[in-house]
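Down below is the structure, laid out as structure tokens.
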Amino acid sequence: MNAQPILKVEGLKKYFPVEKGFLRRVVGQVKAVDDVSLEIAPGETLGLVGESGSGKTTVGRCILRALKPTQGSIQFQIAEDRTVDMAQLSDRELRVVRPQANMIFQDPFYSLDPRWTILDIVGEPLKLANLAKGKELEDRVAYLMEVVGLEAKHLRRYPHAFSGGQRQRIGVARALATNPRLIVADEPVSALDVSTQAQILNLLQDLQREFGLSYLFIAHDLSVVEHISDRVAVMYVGKIVEVAKRDQLFFFPKHPYTEALLSAVPTPDPDVEKERIILPGEIANPANPPSGCYFHPRCRYAEAICRDEEPVLREVSPGQWTSCHFAEELSLAGAPQGTN
Amino acid sequence: MMRDELLMDGSADARKQAQSIIEVDNLSVHFHVDEGRLKAVDRVSFTIAEQQMFGLIGESGCGKTVTAQSLMRLVPKPGQIVGGSINFFGELGGKTDLAQLDESGSEIRAIRGNEIAMVFQEPMSSLSPIHSIGNQLMEAVRLHVTRNKREAYEIALEMLDLVGIPNPVQRMEEYPHHFSGGMRQRVMIAMALSCRPRLLIADEPTTALDVTVQAQILDLIAQSQAQFNMAVLYITHDLGIIAEICDKVAVMYLGQIVEHGSVRDIFHNPLHPYTRRLLASTPRIGQRRSRLQTIEGTVPTPIDLPIACGFYARCPDRIDGSCNVAMPALVEIEDNHFARCFLHDERQEAVL
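Protein chains in written order, with this note's numbering: chain A, 1 to 340; chain B, 341 to 692.
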């Protein structure tokens, strides 16, 4: 039943050194990603949520090897019978693997080079991988334009001629160009208006069905993540604190941070009564995290053990992994359900 | 709750009791650009009652921010108020038409930042990086409340404490870059509240913030509103926020208010096809839908548009022969519930 995962990340760490003084002595480490493990099945969407500074973007960038991980393995199935460890690949080997995994960026206004035509932008990954050139390249780009709902005749235009939603479609076309198996989408709709956002979300779902894509969908908007994900992982200060199937996570959270996040999402229904948990303070500094459970200074259920001992991520109910000392005892509130 | 009943109840008596603080009538703001005349705000009318939480919702480019800027008389060049009135009811009951005032005159300066205060989306761009937080707060206080430095310091300190900034005495000495995004927004709110405004304009104050910090700021705005008896004009693109905190809502599209009513009217009985589509395209937790509804096409640029409903080209319910040849008027369809749509009323509006 459990298909071989297309991506299996184990013990991923990414530390950034803190340097000081003329000699750039290393005086500390920012543990941006600290021991993260996750899996994505073929055709699955894993949502990755967390606040700014939680390390979710760094996880995405390490998986695509835009950043070199400090430690850990990233097993990526590049073909039915071949799996490579992205963390160990040399630059030369990466060039062969790269077409299999692509990224969609947040801001369609900054991520597209204004001096390049759409043909250049969407065709670049194909050229880099020596997959197509000349007429063949143009045909492929024209086809991709149609796949994402743009007119093929516009492929010699520049990005400024397109609206925000159309630019994000161009970003999607570029990510699709090399027929990848995995797409890391980093806040792909957060710069868009609601109506445009809906178009891009629908497009991503259609493409997933059509091409059997797997997504790592990084976002801070929980309503969007709930809509698109099969499973969801919640990050806090470089660690995954909870990961579960979508409905488990949204309606039966076991980690107090997940509960607080869910309660903070504004519900578009004036008749929904709910308790909004106002977390005191702000997300901890990953260069100087608190002792024990990183969340304990803000947690309303915290007890002495939370300050002294770091909880481990463990399976607290089938398919639901939580790192909280009291995951089994606490009865936490899920997201409120609207009436319409 | 008394206040809620007062504002929700549509009866004529209740309407009389709620005193207006600002009445915007037929306000138009145009920008003269190379391509022509851009109608950023096109005959917008709304009234905010005292102590009301009034939401203005719309997507980027719909004119919600320019509307707010006009109330403060801060419309950037080449924008110009070309018509309409903005009647502001002062503390002593006097009525001032803000649209008629000189943009940099003493009258508007006595109101701006004092009786009407504003909080912006990006607090960093509104705070000076080279002055301490304390000095910036005290400047606002000394301009409007007291000339006395000692008193101004006390007020500034009290305000920082009130908006939940820990160690206010020490924080007064620090500079904006020492503060996180959420803390800066608290400072902005402290600054806005320091002159005890009667109307607070909040323009997407939480858009740049994380959801847990957003919850803190929304809580703070709601608390301050109750504490200071202010009215709030809350501008956002987030339907969730509108539903949680607002009493009344106006929906803007292409420079116009297309629908206007109580928060329940807008969410449970939307009349305008744009409002309906906007609600349907918003993902909601717990709603099992495989696809979201979308709004076809994109928002046109409001320059030299034909005389037609602005939503015509994208509207799933358009009536050819009506919607594309005339501009519908904003009409009260139900009690205190207005919409600008030929589906509900055939009255037209003359186009400027």
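Every residue, glycine too, gets a C-beta built ideally from N, C-alpha and C. Source: prediction; values computed, not measured.
Comparing the C-beta of residue i with each C-beta of chain B, is any distance below 8 Å?
{"i": "A:S37", "result": "no"}
{"i": "A:I104", "result": "no"}
{"i": "A:Q199", "result": "yes"}
{"i": "A:V234", "result": "no"}
{"i": "A:T258", "result": "no"}
{"i": "A:G171", "result": "no"}
{"i": "A:V265", "result": "yes"}
{"i": "A:R276", "result": "yes"}
{"i": "A:E51", "result": "yes"}
{"i": "A:Q337", "result": "yes"}
{"i": "A:L261", "result": "yes"}
{"i": "A:N179", "result": "no"}
{"i": "A:F250", "result": "yes"}
{"i": "A:G149", "result": "no"}
At a Cβ threshold of 8 Å, is residue i touching chain A?
{"i": "B:T641", "result": "no"}
{"i": "B:Q633", "result": "yes"}
{"i": "B:I505", "result": "no"}
{"i": "B:F394", "result": "no"}
{"i": "B:D559", "result": "yes"}
{"i": "B:E375", "result": "no"}
{"i": "B:E390", "result": "no"}
{"i": "B:E584", "result": "yes"}
Since residue i and residue j are thought to touch, with beta carbons under 8 Å apart, how far apart are those beta carbons, to the nearest angstrom?
{"i": "A:L155", "j": "A:M145", "result": "6 Å"}
{"i": "A:L313", "j": "A:I240", "result": "6 Å"}
{"i": "B:P545", "j": "B:V459", "result": "5 Å"}
{"i": "B:C535", "j": "B:G453", "result": "6 Å"}
{"i": "A:K14", "j": "A:T45", "result": "The pair is not a contact, with the Cβ atoms about 23 Å apart (cut-off 8 Å)."}
{"i": "B:I426", "j": "B:S410", "result": "7 Å"}
{"i": "A:P17", "j": "A:V9", "result": "Not quite, the Cβ-Cβ distance comes to about 22 Å (not below 8 Å), so this is no contact."}
{"i": "B:T638", "j": "A:S163", "result": "5 Å"}
What residues of chain A sit near residue i, judged by a beta carbon separation below 9 Å?
{"i": "B:S465", "result": "Near B:S465 there are no residues of chain A at all, since even the closest Cβ is about 18 Å away, more than 9 Å."}
{"i": "B:F698", "result": "With chain B covering 341 to 692 only, the question about residue 698 of chain B has no answer from this structure."}
{"i": "B:A566", "result": "Within chain A, no residue comes near B:A566; the closest Cβ sits about 16 Å away, beyond 9 Å."}
{"i": "B:A555", "result": "A260, S263, A264, V265, P266, R276, I277, I278 and L279"}
{"i": "B:L618", "result": "V194 and S195"}
What does residue i touch in chain B if you count any residue whose Cβ is under 8 Å from its own?
{"i": "A:D193", "result": "E399, S400 and H577"}
{"i": "A:S416", "result": "With chain A covering only 1 through 340, there is no way to say anything about residue 416 of chain A."}
{"i": "A:S163", "result": "T638"}
{"i": "A:N202", "result": "R631, L632 and T634"}
Check the Cβ-Cβ distances between residue i and every residue of chain C, and say whether any is below 8 Å.
{"i": "B:G403", "result": "Among the chains of the structure shown, chain C does not appear; the protein chains present are A and B."}
What residues of chain B sit near residue i, judged by a beta carbon separation below 7 Å?
{"i": "A:E223", "result": "The sequence shown places Ser at residue 223 of chain A, not Glu. The answer, in chain order, is P623, R624 and I625."}
Along chain A, which residues have their Cβ under 8 Å away from the Cβ of residue i?
{"i": "B:T615", "result": "Residues of chain A passing the Cβ test: none, with the nearest at roughly 12 Å."}
{"i": "B:S520", "result": "E282"}
{"i": "B:I581", "result": "P266"}
Residues of chain B with CB under 9 Å from residue i, in chain order?
{"i": "A:H220", "result": "D550 and V551"}
{"i": "A:H227", "result": "P623, R624, I625, Q627, R629 and L632"}
{"i": "A:N130", "result": "Ordered by position in chain B, no residue passes the 9 Å Cβ test against A:N130, which lies about 36 Å from the chain."}
Which residues of chain A have a Cβ atom closer than 7 Å to the Cβ of residue i, listed in chain order?
{"i": "B:V603", "result": "P270"}
{"i": "B:E513", "result": "By Cβ distance, chain A contributes nothing, its closest Cβ being about 20 Å from B:E513, past 7 Å."}
- Ordered list of alpha helix (DSSP H) runs contained in the stretch 501 to 575 of chain B, each at least 4 residues: For the stretch 501 to 575 of chain B, whole alpha helix (DSSP H) runs of length 4 or above, ordered along the chain, are 508 to 511, 521 to 533 and 551 to 568.
- Query: So does the stretch 446 to 456 of chain B actually touch the stretch 491 to 500 of chain B, counting three or more Cβ pairs closer than 8 Å?
  - Reply: By the criterion of at least three beta-carbon pairs nearer than 8 Å, the stretch 446 to 456 of chain B is not in contact with the stretch 491 to 500 of chain B.
- Query: Just checking, does the stretch 165 to 179 of chain A make contact with the stretch 214 to 230 of chain A on the three C-beta pairs under 8 Å criterion?
  - Reply: As far as the Cβ criterion goes, the stretch 165 to 179 of chain A does not touch the stretch 214 to 230 of chain A, which means the pair count is below three.
- Secondary structure, alpha helix (DSSP H): runs of 4+ residues fully inside the stretch 357 to 413 of chain B: Secondary structure in the stretch 357 to 413 of chain B: the alpha helix (DSSP H) runs of 4 residues or longer, each lying completely within the stretch, are 404 to 412 in chain order.
- Are the stretch 258 to 274 of chain A and the stretch 546 to 556 of chain B touching, with three or more C-beta to C-beta distances below 8 Å? With a cut-off of 8 Å, the stretch 546 to 556 of chain B and the stretch 258 to 274 of chain A count as touching, because enough Cβ pairs lie within range.
- Examine the Cβ distances between the stretch 204 to 224 of chain A and the stretch 84 to 98 of chain A and report whether three or more of them are shorter than 8 Å. Contact fails: fewer than three Cβ-Cβ distances are below 8 Å.
- Message: Quick check: the stretch 242 to 257 of chain A against the stretch 606 to 624 of chain B, are at least 3 beta-carbon pairs closer than 8 Å?
- Response: As far as the Cβ criterion goes, the stretch 606 to 624 of chain B does not touch the stretch 242 to 257 of chain A, which means the pair count is below three.
- Message: If contact is defined by three or more beta carbon pairs under 8 Å, each pair taking one atom from either stretch, is the stretch 358 to 375 of chain B in contact with the stretch 315 to 333 of chain A?
- Response: Segments in contact, no.
- Task: Give a yes or no on contact between the stretch 368 to 378 of chain B and the stretch 289 to 307 of chain A, applying the rule of three or more CB pairs nearer than 8 Å.
- Result: Touching, no, given that fewer than three Cβ pairs across the two stretches are closer than 8 Å.
- Query: For the stretch 224 to 263 of chain A, which segments carrying the alpha helix (DSSP H) assignment without a break, of at least 4 residues, lie completely within its bounds, in sequence order?
  - Reply: Taken in chain order, the complete alpha helix (DSSP H) segments of 4 or more residues contained in the stretch 224 to 263 of chain A are 246 to 251.
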